[in-house]
Every structure is written in C-alpha cells, then in structure tokens.
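Under our numbering, the first residue of the sequence shown is numbered 66, with each subsequent residue one higher. Where a beta carbon is used, it is the ideal one built from N, C-alpha and C, also for glycine.
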Amino acid sequence: MSANDCKNIRLSTAIILAAGEGTRMKSSIPKVLHNFCGKTFLQRVISNVRALNPNKTAVVVRHEAQKVSQAALSYYDAVQIVKQDEKPGTGRAVQCAVEFFGENGGLGNTVLITASDMPLLSADVLRALYAEHAESGNAATVLTAEVGNPFGYGRIIRNEDGSVAKIVEEADANDRQKAIREVNTSVYLFNAQALEYSISRLDSQNAQNEFYLTDALASANEFGRVGAYAAPDPLSVAGVNDRVQLCRLAKEHNLRICEQKMREGADIADPATTWIEEDVVIGPDAQILPGSFLKGKTVVGKSAVVGPYTTLIDATVDESAVVERSRVESAHIGANANIGPWTYLRPGSDLGENAKAGAFVEMKKAVIDEGSKVPHLSYIGDAHIGSKSNVGGGTITANYDGVHKSRTEIGSGVHIGAGNMLVAPVNVGNGVTTGAGSVVRKDINDNAMAYSENSQHTVENWKPVWERGE
C-alpha cells in the first residue's frame, strides 16, 4: 500500500499528547501553544493528524489543562479532551486515553499516538507511516529518524531481522546504545488490542520514575512484529524542547520556504533576513527585499516590490505595487500603487490601482480609489476618497467623538489643502478644493472651494516671561 492509497483510509483513533509542562521553555505559555511560523505546535499537529480522517481524536492535557483544552477545541471542535492524572509520563497519558475510550465506544482497530511538540510533522509523513503499518501487518509501527546528534532522544534497538525490539531512553542507555543514531520521534501506530495489552503492563521502574510509552513497544512484540518507518527528512519529525531548538528549527524551516518561493519565481534578495510563513503566495518576478516579514494569508502579485523592512499580515498586494518600509495588515493594495516609507495600513483599508500612501501615513478602514494620493504625514480613518484626488500633508479625518466612529466621504478630483482637519461625519463633493489649514465641519457641494478664515495676529518685539523679568 502506498502513501497515496492511504489518503482515503480512515484512521480509527488519534491520541495527541499535550500534557507536558515543557519546563525548558522557561515560559508562562504552555509549550504546545508556542508559535511556530504563524501557528501553534498543537494547531499544526491537530491539522496534520486530521488529514488521516480519524473517527475519533483526543488531546491529552494536564499542565495548564484549561488553556490547552480551549485552544484544541478552537482548532477542531470535535476533538475530545482527556485529562491526565498526577502520575507522570507519556505512558500514563496514553493509559488515561485508553481508559477514556474504553468508556466511550472503544479504540477501534488502529490507533495513532503522537506528541504535540513537533511543529513540522506533516500529513505526508503520517500517511507514509500508515502505509508501512498497513502493508507490514505490524502490531505496532514506530516513526523513527536518522539524526547527526542523537543526544536526548530515545534510541531504536532492533532485532536481527530488522524489527524493533525496544526503545531505550537517553537516561537509561549504555554507551553502546547511545552511539545509535536512529531515534524515536514519539509517533506510533498500534493495533488497538496490542496497545491495550501493552499499555496495561507499564511501570515506572526507570531513571526518571515515569511511565514511559516507549516501554509499551517491548510488550507489543508479544502480539506480533513491531516495525519502524524512518522519516526521509529528519526536520519533519524534529521536536522542540527549548527556545534554542525552536529558533534553530524555525530558521531552517524559513530558509526552505524562501528557497521554494525562489524556485517558483520570486526574487528574494536575502533569505537570512526575510521571514515568510507557509500560506503566503508570491507571484513570479515579485521582489522581496531584506528585512521583510510576510505572514498569514498574504498574497503578493507578480512584479510587486516588497521592502526593505516591510511587514505584511494577511495583506493582498497586486501586480507591480511597491510597499517600502511599511506595515500592511488585512488590507488590499491595488496594481501599481505605492506605499511608504513608514506607512501603516490597518485592517479594512483598500488602496486602489495607481494610488499612493506616502511617508508617515496611517489608514484605518479607508478606501482610496484609483489614482488618488495621500502623500505624507496624514491619518485617514473610516473614510472613502474617490478617484484622482489629492490629500495635502498633515491632514486628519477626525473620526472619533469619544463614543462613535463616524465616516468621511471625499469625492473624485478633490484637492485637500495641507494641514486640513475633516471632522466626521462629513461629505466633500467632487471637484472640491480646500484651503491650507482648513477645518471642515460641514458638507461641501461639488466644485466648491472651502477654507477656514483664521486671522494671523503678530506681537512685535515679543519675549517670553522669563526673559522679560516679570
């Protein structure tokens, strides 16, 4: 059976272990809820486990159980939560899950068990593991990997026929066993009966006084062969125990994403300083300059230029647009538009084709139509500007009265003078011109000119009070 054949096979039960404290992370955040490339460890594992279509999925929780449970249910509302008691160890976590399913319809035929601190565990690897398990008829199959430095991992001890005799943890391994480079990844497939038997025979007679799940494999040999599938890419099964490992794994993963995007036609000037999340789409000939962060569901059109030092979060940048030294979040930038530097497009903003938001501009829920310009030093919030209008520097749409957000409507072909304040709600018609420094509080009809008359007063030979000696 190939991994492709497994795409339509429905796994009986999946058990995801998320009970550990992760003390080496030195964090108030549960280990499994740490972020990796835009998603938590647990979110990633649940998503890829679901690709095997399990009839039942359980997450075992203990440390910060409420937080982890709420997160798991937000990722998949059909997940079942199993609480581990105070007895330590992954083996005890699985015992609790087996007891839970024993009271709730049983385990079925085939059970997947996986840790939740493996952010790059992929659905393809799980399918390949399933294919090996199904083809071989094993009582249990363990996912392994060959690593350069096996320190800290459980070592795979094989029989002469290549089957797995047992797994020896680092703390319990002798020097000969520590030299073995094939390691356990904490991902297993069990026949349900073999699992129930093996898990019931665990004890805590080891260096850590914990119930090791790995000890169950030795008992599973009594039911049949225990086999292994070696993941072709060790990175895909790498676990994270501390922030140093997290950083290294994220950096290597990001480099692979950048390389893939370049092979697809993107021009990434410096992958070492460019961070791109997996769901980002980049069109051919788009340039991503150093210091840029592309996150979430961002889409960059062909021949667009992003950066340097730009952050895009769930943004859409159309063909040939330029976004320089700016931040764009949940906003749209039209074709050939120009953004920045030092501009912030907040959620709900839409900059039209050939439009411009120049230096030090902030926009929030602002729609700027084709060819209009907000060149610099302006705040445009809760506003719509028609086509081919120009907003002078230092202009503000005053959209908040302390309770309500109100909207400003500016027509097409409008020239807003420098330093204007438009006090919403207000409508400015087409073809309007406003004078510099104007405060616009009332609607302006089409083709009108509006200004605020502010008299200038001059006091000759004036000195401040501390110089006058008063």
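Helix, strand or coil for residue i, going by three-state DSSP, please let me know.
{"i": "Trp-340", "result": "strand"}
{"i": "Asp-280", "result": "helix"}
{"i": "Gln-310", "result": "helix"}
{"i": "Ala-238", "result": "coil"}
{"i": "Lys-360", "result": "strand"}
{"i": "Glu-389", "result": "coil"}
{"i": "Ala-331", "result": "coil"}
{"i": "Leu-208", "result": "strand"}
{"i": "Glu-275", "result": "coil"}
{"i": "Tyr-140", "result": "helix"}
{"i": "Ile-94", "result": "coil"}
{"i": "Leu-410", "result": "strand"}
{"i": "Ile-509", "result": "strand"}
{"i": "Asn-319", "result": "helix"}
{"i": "Arg-290", "result": "coil"}
{"i": "Val-124", "result": "strand"}
{"i": "Val-252", "result": "strand"}
{"i": "Cys-71", "result": "Confidence at Cys-71 is low in this model, with a pLDDT of 49, below 50, so the placement of that residue is unreliable and no value is reported for it."}
{"i": "Ala-130", "result": "helix"}
{"i": "Asn-453", "result": "Contrary to the premise, residue 453 reads as Lys rather than Asn in this sequence. Lys-453 falls in the coil class under three-state DSSP."}
{"i": "Gln-135", "result": "helix"}
State the start and end residues of the unbroken beta strand (DSSP E) segment that holds residue i.
{"i": "Ala-83", "result": "78-83"}
{"i": "Val-345", "result": "That residue, Val-345, is in no beta strand (DSSP E); it is neither H nor E in DSSP."}
{"i": "Glu-261", "result": "First-last for Glu-261: 257-265, but that is the alpha helix (DSSP H), not the beta strand (DSSP E)."}
{"i": "Lys-421", "result": "421-433"}
{"i": "Leu-442", "result": "438-450"}
{"i": "Glu-474", "result": "473-475"}
{"i": "Val-530", "result": "Segment 530-533 is the alpha helix (DSSP H) holding Val-530; no beta strand (DSSP E) there."}
{"i": "Val-229", "result": "229-233"}
{"i": "Ile-245", "result": "Neither: Ile-245 is in no beta strand (DSSP E) and is coded neither H nor E."}
{"i": "Ala-489", "result": "First-last for Ala-489: undefined, no H or E at that position."}
{"i": "Leu-377", "result": "376-378"}
Determine the extent of the alpha helix (DSSP H) in which residue i is found, giving its start and end residues.
{"i": "Gln-145", "result": "Careful: Gln-145 lies outside any alpha helix (DSSP H), inside the beta strand (DSSP E) at 145-148."}
{"i": "Ile-111", "result": "106-115"}
Which residues in the same chain as residue i place their Cβ atom closer than 6 Å to its Cβ, once the five residues preceding and following it in sequence are excluded?
{"i": "Val-393", "result": "Leu-377, Ala-380 and Leu-410"}
{"i": "Val-114", "result": "Ala-79"}
{"i": "Ala-188", "result": "Asn-113 and Ala-116"}
{"i": "Val-345", "result": "Leu-359 and Thr-363"}
{"i": "Tyr-516", "result": "Gly-500 and Ser-503"}
{"i": "Gly-451", "result": "Asp-434, Gly-476 and Ser-477"}
{"i": "Pro-349", "result": "Gly-330 and Lys-367"}
What residues in its chain sit with their C-beta under 8 Å from that of residue i, if we drop five residues either side in the sequence?
{"i": "Pro-119", "result": "Arg-75, Leu-76, Ser-77, Thr-78, Ala-79 and Leu-177"}
{"i": "Lys-148", "result": "Val-125, Val-126, Arg-127, Ala-130 and Cys-161"}
{"i": "Lys-421", "result": "Ala-402, Asn-403, Ile-404, Ser-437, Lys-438, Val-439 and Pro-440"}
Determine the contact status of residue i and residue j, defining contact as a CB-CB distance below 8 Å.
{"i": "Asn-492", "j": "Thr-460", "result": "no"}
{"i": "His-502", "j": "Asn-526", "result": "The amino acid at residue 502 is misidentified as His; the sequence shows Gly. For Gly-502 and Asn-526, no; Cβs fall outside 8 Å."}
{"i": "His-480", "j": "Gly-458", "result": "no"}
{"i": "Ala-369", "j": "Ala-351", "result": "yes"}
{"i": "Gly-227", "j": "Asn-249", "result": "no"}
{"i": "Val-488", "j": "Arg-472", "result": "no"}
{"i": "Glu-261", "j": "Val-163", "result": "yes"}
{"i": "Val-190", "j": "Ala-293", "result": "no"}
{"i": "Val-291", "j": "Ala-204", "result": "yes"}
{"i": "Leu-282", "j": "Val-229", "result": "yes"}
{"i": "Ser-385", "j": "Pro-373", "result": "no"}
{"i": "Gly-156", "j": "Asp-280", "result": "yes"}
Tell me, please, whether the CB atom of residue i is closer than 8 Å to any CB atom in chain D?
{"i": "Ala-513", "result": "No chain D appears in the structure shown, which is made up of a single protein chain."}
Take residue i and list the residues in its own chain whose beta-carbon comes closer than 7 Å to its own, dropping the five residues that flank it on each side.
{"i": "Asp-508", "result": "Val-491 and Asn-492"}
{"i": "Glu-275", "result": "Pro-153, Gly-154 and Ser-269"}
Exercise for the section: Taking only runs that begin and end inside the stretch 150-201, name each unbroken alpha helix (DSSP H) of 4 or more residues, in chain order. Expected result: Fully enclosed alpha helix (DSSP H) runs of 4 or longer: 155-167 and 188-201.
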